[in-house]
Amino acid sequence: MSLADKIETYRRHVSEWLRGLYHGMISHPAYELIEKEAEDVEDEFMLACFPDVFGVPSPISYYTAELLPYLTDEFEAWERRMWDRESLIERKGQQYHF
Amino acid sequence: MKKFVFFGGKGGVGKTTVSSAYGLKSANAGLKTLVVSTDPAHSTSDVFDQQFGDEPAPVDGHDNLWAMEIDPEQEVENHLMEIKRAMGDQVSPGMVNAIDRQIEMSHQTPGAHESALFDRFVDVMQNSEEYDRVVFDTSPTGGTLRLLSLPEFLEGWIERLLHKRKRSIDLYEKAAIGGREPRRMAEGDPIIARLQERKEMFEFAGEVLRTESAYFLVLNPDELSIRETSRAVEELTEYDLAVSGLVINKVTPEPDADESGRGAKYLRDRCRTERERIEHIRDAFEEPVVAVIESRVEEVKGSLLADVAKGLDVAVETTPKSAG
């Protein structure tokens, strides 16, 4: 293996590490944070659409039922999340990696 | 005169009779007229002695006159089936069950009937080009008022849902840093499209109810229906819907002067109190009294209906489209 090749491999490693480091420390938490926020807003949306899931009668659930065929996955995930969620702090706490 | 004419009032005051009579009057004046009953306890069929269904059907023996009775039960069922069909297209059978429960539930809520009725109602208004006049025989006051207030209320609600959905999608798109595929995209989102569609429907309904509709309240000369009418006027005004006039129905006929039996005395007494109440109605309400209809011995139908129609001082003009 020539010196040039060695340097090349070394550089590749370093750049991969750097990318990984950047991804892990900056970009991943960043989009994770935004995505979590998006999920939260989506939860609010789902709650506004289907409050009757939790026993709150909704005058509009007749209309929002029309959305269900397109929301199947979200609906199930949301229902699970809502029943599981213990507190807001617990949910927000997930965003930090200690 | 506006294209859509609503007759409302307390239960049992004779809304069906008055609206059928008005429908007949419009039809006789050469306007293509549709009488729509939105009262779950339909009685249009009884007035015309002919069974009507959920689609407009011509009324036997009268030119230019059509009638229909909206059946909310059937509407709810249709809506349910439609959603299930969409579900069959979209979702794998394994997922369907959990969602099914929710869909069934939403069709059993107290509001479902109302929403179904409202939908059908808007549908009739949207597809009414061929008629010059559409007369709505509504359910007793409370139900109708709720129905008429729906557009404004639902519009606001849908608006908030739309806003939330857009915001979450926006965030998902922002989260897609560095060329990642966002989890959801605004473009082609079926939810946004659906909500938008609904919002437009409510806007249309609100607009038509405010600008192209006339409201008449039917009442009897008795305390209860006078009070209910004044409350109804107030509420309608609150929703920006102006009442064009009052129809006083079931007024006791006066006995001939030479009659003096017990029956005649009773009638005379009754007439006196009713006269007072009618005076009171004329004074207390800003809305004009457009007709005072005496009660009849027989059920009002057939030729009697035409009689009543003549007594209605409700304008029918506007040039018939079909003639122009």
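Chains as they are written, first to last, in my numbering: chain A, 1176 to 1273; chain B, 194 to 517.
Think of the CB as a built atom: it goes at the ideal place given N, C-alpha and C, for glycine as much as any other residue.
- Distance between A:Leu1208 and B:Leu364, taken at the CA atoms: about 10 Å.
- B:Gly202 sits in a strand when the DSSP states are folded into three classes.
- Restricting attention to beta strand (DSSP E) runs no shorter than 3 residues, the segment 342-422 of chain B encloses them at 406-412, ordered along the chain.
- In this structure, B:Ile263 sits near B:Val229, with a CB-CB distance shorter than 8 Å.
- For A:Phe1220, the enclosing alpha helix (DSSP H) covers residues His1203 to Cys1224.
- Judged by pairs of C-beta atoms under 8 Å, the segment 252-259 of chain B does not touch the segment 273-281 of chain B, as fewer than three such pairs exist.
- If you compare the alpha carbons of B:Lys357, B:Val327 and B:Gln301 with that of A:Pro1232, the shortest gap goes to B:Gln301.
- The beta carbon of A:Tyr1185 sits no closer than 8 Å to any beta carbon of chain B.
- Annotation for B:Asp330: the continuous beta strand (DSSP E) segment containing it runs Arg326 to Asp330.
- Residue contact check for B:Gln283 against chain A: a CB pair falls below 8 Å.
- Contact annotation, B:Met288 with A:Pro1244: C-beta distance approximately 10 Å; criterion of less than 8 Å not satisfied.
- Rounded to whole angstroms, the gap between the alpha carbons of B:Glu400 and B:Leu460 is 46 Å.
- The residues Gly201 and Thr331, in chain order, have a CB closer than 6 Å to that of B:Thr337 in the same chain once the five nearest residues on each side in sequence are set aside.
- With contacts defined as CB atoms closer than 8 Å, B:Asn413 and B:Lys443 qualify as a contacting pair.
- The DSSP-derived three-state label of B:Ala234 is coil.
- When DSSP reads this structure, B:Pro333 sits in no beta bridge, so it has no partner.
- Contact annotation for A:Asp1227 against chain B: Gln295, Met298, Ser299 and Thr302 [CB-CB distance below 9 Å, chain order].
- Following the DSSP letters along the chain, one finds B:Ser308 in no beta strand (DSSP E) but inside the alpha helix (DSSP H) bounded by residues Gly304 to Gln319.
- Secondary structure of B:Val289 (DSSP, three-state): helix.
- Taking one beta carbon from each stretch, the segment 422-435 of chain B and the segment 467-480 of chain B have 3 or more pairs nearer than 8 Å; the two touch.
- Inter-residue distance for A:Ser1236 and B:Glu268 is about 15 Å (C-alpha atoms, whole angstroms).
- Nearest in C-alpha terms to B:Glu480, of all of B:Ser496, B:Leu434 and B:Thr466, is B:Leu434.
- At a cut-off of 8 Å between C-beta atoms, B:Leu505 does not count as an interface residue with respect to chain A.
- The alpha-carbon separation between B:Gly504 and B:Leu217 amounts to approximately 12 Å.
- When 8 Å is used as the limit between beta carbons, A:Leu1243 is near these residues of chain B: Ile276, Met280, Ile292, Gln295 and Ile296, in chain order.
- Listed along chain B, no residue sits closer than 9 Å to A:Tyr1197 by beta-carbon distance, the nearest being about 10 Å off.
- Out of A:Leu1242, A:Thr1247, A:Pro1234 and A:Ala1240, the CA that lies nearest to the CA of B:Glu348 is found in A:Pro1234.
- About 14 Å separates the beta carbons of B:Val436 and B:Ala484, which is beyond the 8 Å limit, so they are not a contact pair.
- For the segment 211-265 of chain B, the full-length alpha helix (DSSP H) segments reaching 4 residues or more read 237-241 along the chain.
- Taking C-beta separations shorter than 8 Å and ignoring five residues to either side along the sequence, the partners of A:Asp1227 in its chain run Ser1233 and Ser1236, following chain order.
- Residue environment for B:Gln295: buried (at least 16 other C-beta atoms within 10 angstroms of its C-beta).
- In the three-state DSSP reduction, B:Gly438 falls in the strand class (E or B).
- For A:Glu1191, the closest Cβ of chain B is not nearer than 8 Å.
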